[in-house]
Amino acid sequence: MATTTQPSTADADEIMRLAVERFRIKMESSNRQFLQDRIEEIEAMNLPTEEEKLVKMRPYWPNLGIKGEDSWNDCAPIGPVRQSREERNVTRLADVKTVYHEYMDGIQPPRLLTEEWRQMYLDTVQSVCDEAAFRDEEDEDFSIPLCHELDSFIKYASGVQDPDFRRSGIAPFGPVFVSETQDYAFKDNPAVLALPPPNIFEARESLKYYLQ
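Per the numbering used here, residue 1022 is the first one in the sequence shown, and the count goes up by one each step.
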């Protein structure tokens, strides 16, 4: 019988890095092309004003050209704040070609940046799943193995999420529920400045509570 061998950690990481990069490129290209196709369809309608054109575009991308500012809490992350500002500042249909969307490439950036935090995450997931697994008397020594693909994945992304311009209702995949990073939009806000740095022990307990 033929046997298969697992790739080394370095090889597995490189395979995952390339897979994530291919996914990013393909997703962004596909999403930009979808928007370009809608722009061309709307321009072909020969509508008299840019506002009327944006109205036609909003079923695919809401809030385009809607003036005003969203209400944000003090600790809002930078991605959605930047996206909201750019999409609300749109004045022409052609602007949509270059507007920022935090999930244009489908990737949620990595949140666990160090080996210590990644190992904490993997150990906690494995431990909680192990405790929840059903066993009969013959399975007392059985333990759920570590997911090596997840280990590689979280080095390059914390999840995948489609911007859903097509309104397909695609659910995101976001396995990472804790964060080592502090990527706040309002970095000089007193409430943000007063925040303590991320604590790995508190994060572990939060992750256990969430998973259970």
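Idealized CB from N, CA, C, for every residue including glycine.
Look at residue 1127 here: in three-state DSSP terms it is coil, with no helix or strand label. Rounded to whole angstroms, the separation of the alpha carbons of residue 1188 and residue 1048 is 15 Å. Taken through DSSP and simplified to helix, strand or coil, residue 1181 comes out as strand. Under the 8 Å Cβ criterion, the stretch 1094-1113 counts as touching the stretch 1190-1208, having at least three qualifying pairs.
Residue 1120 and residue 1085 have their C-alpha atoms spaced approximately 10 Å apart.
Residue 1205 sits in a strand when the DSSP states are folded into three classes. Fewer than three beta-carbon pairs drawn from the stretch 1163-1170 and the stretch 1118-1134 are found closer than 8 Å, and the two stretches are therefore not classed as touching.
Taking each of 1192, 1143 and 1186 in turn and checking the Cα distance to residue 1169, the smallest one comes out for 1143. In this chain, the alpha helix (DSSP H) harbouring residue 1169 covers 1169-1174.
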